[in-house]
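Presented below is the structure to which this report refers.
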Amino acid sequence: MSSEEDSSQASSSSVSPPTSSFSSPPPVSHFIGRKEDIVRAGRVTQLVNGCRDVLVLHHQGQLYAMDKHCYHAGGALQNGDIEEFNGLLCIVCPWHKYKITLAEGEGLYQAVDNPTARPLRTHWRSKGVKQRIHKVAEVNGDVYVTLNDSGEAIESDVYQTEKYRTMFQAVQPKPKPRK
Ligand code: FES
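Here the working numbering is used: the first residue of the sequence shown is 125, the next is one more, and so on.
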């Protein structure tokens with residue numbers, strides 16, 4: 125556990141749904157696609173406003189948007205499974221299995237009460253917000269993202285540079301040639 129990780133208990137209290145419905149697109153929003161297409165695909169990624177790689181996903185009737193690259197080492201979150209931990213829906217990064225809450229972008233970790241006691245008792249706890257979450261809105265079947273421009277640095281910001289964009293594209297698996 126890094127020193128910056130706090131030990132706050134991961135909360136299972138209800139969080140506000142990340143999808144909003146409006147009669148017109150919110151100001152400074154970016155069109156992502158038709159909701160029906162996103163629901164069908166489950167996940168879409170897009171370079172938003174020419175500067176931010178965003179993952180938009182649909183799960184259990186809700187839309188969520190977050191930075192596409194995992195805060196830990198830039199893993200491709202669009203390939204992660206969605207699982208529930210302590211009542212919180214998380215995307216599990218396919219690279220090293222970090223858990224990130226869909227609604228808040230918190231990193232979760234499993235803490236042990238007393239490492240000498242048997243059986244071990246563990247709890248899910250929060251490291252705080254590590255992944256930048258963006259707002260999603262649906263307007264007449266169109267889905268828009270409003271980038272979270274909070275000036276506070278969030279760890280996933282590190283992978284939102286041209287250098288990493290180029291690097292990640294270079295390591296994408298190449299499509300297999302057709303026979
Ligand atoms: S890159 Fe996501 S867990 Fe390591």
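Glycine is no exception: its CB is placed at the ideal position from the N, C-alpha and C atoms. Just so it is clear, the structure is predicted and the values come from calculations on it, not from any experiment.
Rounded C-alpha distance that separates residue i from residue j
i: GLU261; j: GLU160; result: In the sequence as displayed, the identity of residue 261 is Ala instead of Glu. Distance between the alpha carbons of ALA261 and GLU160 is about 14 Å.
i: HIS193; j: ASP177; result: 8 Å
i: GLU129; j: GLU230; result: Residue confidence for GLU129 is low, a pLDDT of 40 falling below 50, so the modelled location carries little weight and cannot support an answer.
i: ILE156; j: TRP248; result: 33 Å
i: LEU181; j: LEU213; result: 12 Å
Contact set for residue i: own chain, Cβ-Cβ below 7 Å, skip 5 residues either direction
i: SER153; result: ALA261, TYR268, VAL269 and THR270
i: ALA165; result: none
Other residues of its chain near residue i: CB distance less than 6 Å, five sequence neighbours each side excluded
i: TRP219; result: GLY199
i: VAL85; result: Since the first residue of the chain shown is 125 and the last is 303, residue 85 is not available in this structure.
i: ASP237; result: ARG245
i: GLU279; result: TYR195 and LYS254
Buried versus exposed call for residue i [16 or more other C-beta atoms within 10 Å across all chains shown]
i: LEU226; result: buried
i: GLU276; result: exposed
i: GLN284; result: buried
Cutoff 8 Å; reference residue i; Cβ partners in own chain excluding five residues on either side
i: ALA197; result: TRP219 and HIS220
i: ASN173; result: HIS154 and LEU271
Proximity test, residue i beta-carbon vs the ligand MG heavy atom, cut-off 7 Å
i: LEU187; result: As presented, the structure is devoid of the ligand MG, carrying the ligand FES as its sole ligands.
So which residues touch the region around the ligand FES, with touch meaning a C-beta under 5 Å from any heavy atom?
-> CYS194, HIS196, ALA197, GLY199, CYS217, TRP219, HIS220 and TYR222
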